[in-house]
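Under our numbering, the residue at position 173 of the sequence shown is numbered 203, and the numbers go up by one with no gaps. Ideal placement from N, C-alpha and C gives every residue a C-beta, glycine not left out. Accompanying notes for the structure given below.
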Amino acid sequence: VIHCETPSGTLNPIKEIGKVCRKSNAIFISDSVSSIAGTTVKTEEWDIDIHLGASQKCISAPPGIAFMSLSDKALEVINTRESIPTFYSDLSIWTKSWIANRKMPFTHSISNLYSFREAVDLIHEEGLDNVIKRHQKISQAMIAAVESIGLEIFPKTKDIVSPTITALKTPEGIDSNKLVDLLWRKYGVLIAGAWGPEISGKVLRLGNMGYGANPHFAVIALAALEKALQELGFKIKNDNIVGTFMEKI
């Protein structure tokens, strides 16, 4: 199960899903790449057997490192299953080498590991709880700001909004591709659309992850978004998107 579903900017209820998996004795695998260090995630308490993360996104290290945790139940399944036709991706090789000897079974990217370590150290310096609160604060202020000019968030209810990404409904009459292109070409602000048969062209996404979850970047993005929308003909409800953000932050 993907915890933070980035195309829609929503969080799946992995805490509740973990309870269901525990009752049925199913192995629960969660992809939390876009949520770890951006919102609360409790591996053991939520009965996550295989928990996946990565160095980029909220941790703010360069891409290239994937990490995971394995429960005793997951380890038992891995070590007792029939061999599979793979080598590098065979977790039994990794667990035997790493758990027994704390050694990498293959050559790894040392520069990526150093970068990852530094990013994690910075999170520890700020404090994980403070990092999560920062993401939540930026997210709430971003939502208030975009709603103040007449935009709507894409998630149906705010209780499922991911604090690591602000997903907006593309305003009626606005071409999402033109808006994304204008923001990048004229203002140097990079936002994204979404993909999939139901939301392609209908959703705009502003990332507030890791180092990017701070007022400096948010103000620049919001000011540019307001100007670009006006240039494309969108009627702004209240010409104070930055002011609203600063009031809420």
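- Within the region 176-264, complete beta strand (DSSP E) segments of at least 3 residues are found at 195-199 and 233-237, given in chain order.
- Here the C-alpha atom of Gln260 lies approximately 38 Å from the C-alpha atom of Glu156.
- Spatial neighbours of Ser90 in its own chain (CB-CB distance under 6 Å, excluding positions within 5 residues in sequence) are listed in chain order as Ala149, Gly240 and Tyr241.
- Under the DSSP definition of a beta bridge, Phe97 partners with Gly83.
- Apart from the 5 residues on each side of it in sequence, Thr36 sits with its Cβ closer than 6 Å to the Cβ of Ser64 and Ile195 in its chain, given in chain order.
- The alpha carbon of Ile140 has as its nearest neighbour, out of Met98, Lys103 and Gly94, the alpha carbon of Gly94.
- Counting of Cβ neighbours within 10 angstroms places Leu158 among the exposed residues, the total staying below 16.
- The beta carbons of Met172 and Phe275 sit closer together than 8 Å.
- In this structure, DSSP gives Asp120 a state outside helix and strand, which the three-state scheme calls coil.
- Taking a cut-off of 8 Å for Cβ pairs, the region 79-87 and the region 95-105 touch, as three or more such pairs fall below it.
- Judged by DSSP in its simplified three-state form, Asp77 adopts coil rather than helix or strand.
- For Ala243, the CB contacts under 6 Å within the same chain, skipping 5 residues up- and downstream, are Arg164, His165 and Ile168 in chain order.
- At least 8 Å separates the beta-carbon of Ile153 from that of Thr125.
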